[in-house]
Every structure is written in structure tokens, then in C-alpha cells.
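Reviewing the structure listed below.
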Amino acid sequence: MTPWYATWFNTPYYHDLYSHRDYYEARLLILTLCKALNVEPGQRALDIACGRGRHALVLAESGLHTVGIDLSPENIAIASKMAHDQLSFQVGNMLEQLEVQGAHWVFNLFTSFGYFEDDAMHQQAIENMANALLPGGKLVLDYMNAQKIAAKLVPKDQIKTNLATYEISRRVEDQTIVKTIKLSEDGCSIFNYEERVRAFSKAELCEFMEKAGLNVKSVHGDYELGAFDPEYSDRLIIIAEKLPTP
41 MTPWYATWFN TPYYHDLYSH RDYYEARLLI LTLCKALNVE PGQRALDIAC GRGRHALVLA
101 ESGLHTVGID LSPENIAIAS KMAHDQLSFQ VGNMLEQLEV QGAHWVFNLF TSFGYFEDDA
161 MHQQAIENMA NALLPGGKLV LDYMNAQKIA AKLVPKDQIK TNLATYEISR RVEDQTIVKT
221 IKLSEDGCSI FNYEERVRAF SKAELCEFME KAGLNVKSVH GDYELGAFDP EYSDRLIIIA
281 EKLPTP
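Counting from 1, position 71 in the sequence shown corresponds to residue 111 in the working numbering; the numbering is continuous, with no gaps.
And the structure:
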């Protein structure tokens with residue numbers, strides 16, 4: 041059975057619904073992160089689950105030799121139109137060994153994690169990201185703050201765009217944030233999609249990283265890398281460094 045994310049992320053409706061996540065937002069995020077993390081031009085970076093490449097593009101503009109990797113051939117085909125000497129894209133799956141190795145930085149941004157069926161699959165994904173790093177390289181995992189989202193969950197809302205109307209309902213089920221999206225055009229129902237993202241805590245994500253040979257250096261609650269507060273922070277951003285091989 042095809043995973044929900046492999047289907048939904050390939051639709052024009054997904055990109056329409058989240059169209060507010062644009063290049064300008066990505067540019068602000070990446071420039072802020074690069075400054076806060078002391079990223080140096082000339083270093084190598086991977087953007088895992090890069091989508092159509094908006095973050096990878098800014099990483100390359102910041103002087104990093106960047107490879108964007110995504111499960112979707114359609115996304116990679118679109119992203120590849122932006123490729124140049126310092127920026128390339130390839131189809132890849134974080135559940136499998138990544139072809140690109142020796143990175144100084146691996147970025148996994150905007151909650152592009154938490155989609156899999158069990159903890160073993162999530163552990164494998166973190167290990168594959170860790171294996172792509174040089175010793176001393178860093179993984180930047182940008183995740184939702186599940187505790188705050190669950191506490192302030194908006195059960196239902198509606199979003200209308202020029203393409204479709206989206207009836208959205210949300211719930212917490214089996215430690216998973218579930219979003220059901222009903223699409224209609226001109227009043228006629230078309231499709232139903234469901235997003236399912238595990239509500240991992242800070243402790244659970246840090247444990248994945250430690251088991252993968254990563255040392256958690258810091259945990260933050262926003263894109264300015266302020267302190268993480270499980271009750272108030274909008275994000276859960278973990279910076280972890282690959283330990284030297286014994």
C-alpha cells in the first residue's frame with residue numbers, strides 16, 4: 041500500500057493548500073539558521089525531504105554545496121530546473137541509505153519526519169541521515185512542538201482558494217496528530233486525504249539521535265534558536281553532532 045505522504049504530497053492540492061510556504065519564508069528561515077549556526081560557505085549540505093527545493097535553493101545561495109533529496113520524482117523534476125554548480129537534486133528515500141555522503145550539514149525542515157508506521161522506521165531514517173554526515177557534522181531536525189499543538193488543536197476549519205475548498209478536521213489518535221482534508225471544487229466533493237504525523241516528544245527524538253551515534257548539542261523552540269518550552273514554543277528544533285567513529 042502506498043504511504044499517505046507519497047500520494048498526498050504529489051497532488052496539486054497539497055501545494056495549493058500550503059502555498060503560503062513560499063521562497064521568501066524559506067529564505068528568512070535559512071538565513072536565520074545559517075547565521076545562528078555559524079554555517080560556513082563551501083561546506084556541504086543535504087536537504088532531506090526537500091520538496092520542490094525552496095530551502096535547498098537558499099542554502100546554495102548562502103554558499104553551501106547543496107543536494108536536495110525527495111521521495112517524489114515530480115517534485116525533483118520541478119526543483120531540478122533551479123539546479124546549478126552548487127545545487128543539485130535527486131530522488132531518494134530517507135528510509136534507505138542515502139547516496140550522498142560526507143555532508144557537514146543535514147537539514148530536515150518543516151516537520152518532514154514522523155510519517156512512518158513504527159518507531160523502528162523512524163530510527164532507521166535518523167540513522168540514514170546520521171550516516172550521511174562527516175564526523176563532527178550536524179543534523180538539524182525542525183519538528184512541530186506536538187505538546188502545544190495537541191493542547192491547542194483547532195478541531196475544524198475551512199480554507200478556500202482559487203483551486204478548491206478544503207474542509208479540515210484535526211484530532212489526536214494513538215500519539216499521532218491526524219488531519220483529515222476533504223476537497224471540493226464548485227461544491228462537488230473530489231478527494232479525501234489524511235495526514236498522520238507522530239506526536240514525538242523532545243525526549244523521544246533525542247533518543248532516536250543518540251541511538252544513531254549523534255550527540256544532541258542543543259534544543260530550540262523557534263527559528264531564532266531561542267530556548268525550547270514544551271508549553272509555549274512553536275517549534276522543536278534539535279541540533280545534533282555526529283560522534284567520531286571509535
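Heads up, the beta-carbon is just placed ideally off N, CA and C, and yes, glycines get one too.
- Look at V98 here: in three-state DSSP terms it is helix.
- In this structure the region 225 to 234 touches the region 195 to 208; the number of beta carbon pairs closer than 8 Å is three or more.
- In this structure, I166 and F268 do not form a Cβ contact; the two beta carbons are roughly 18 Å apart against a cut-off of 8 Å.
- Bounds of the beta strand (DSSP E) holding Q198 are 196 to 200.
- Boundaries for F129: no alpha helix (DSSP H) harbours it, while the beta strand (DSSP E) harbouring it runs 127 to 131, taken from the DSSP string.
- Residues P270 of the same chain have their beta carbon placed closer than 6 Å to that of Q187, with the five preceding and five following residues left out of the count.
- In the three-state DSSP reduction, E264 falls in the coil class, being neither helix nor strand.
- A straight line joining the alpha-carbon of T201 with that of G176 spans about 45 Å.
- Taking all protein chains shown into account, T106 has 16 or more neighbouring C-beta atoms within 10 Å of its C-beta and is therefore buried.
- Less than 8 Å separates the beta-carbon of T216 from that of A239.
- Given a length threshold of 3 residues, each whole run of the beta strand (DSSP E) inside the region 134 to 186 is given here in chain order: 143 to 148, 173 to 184.
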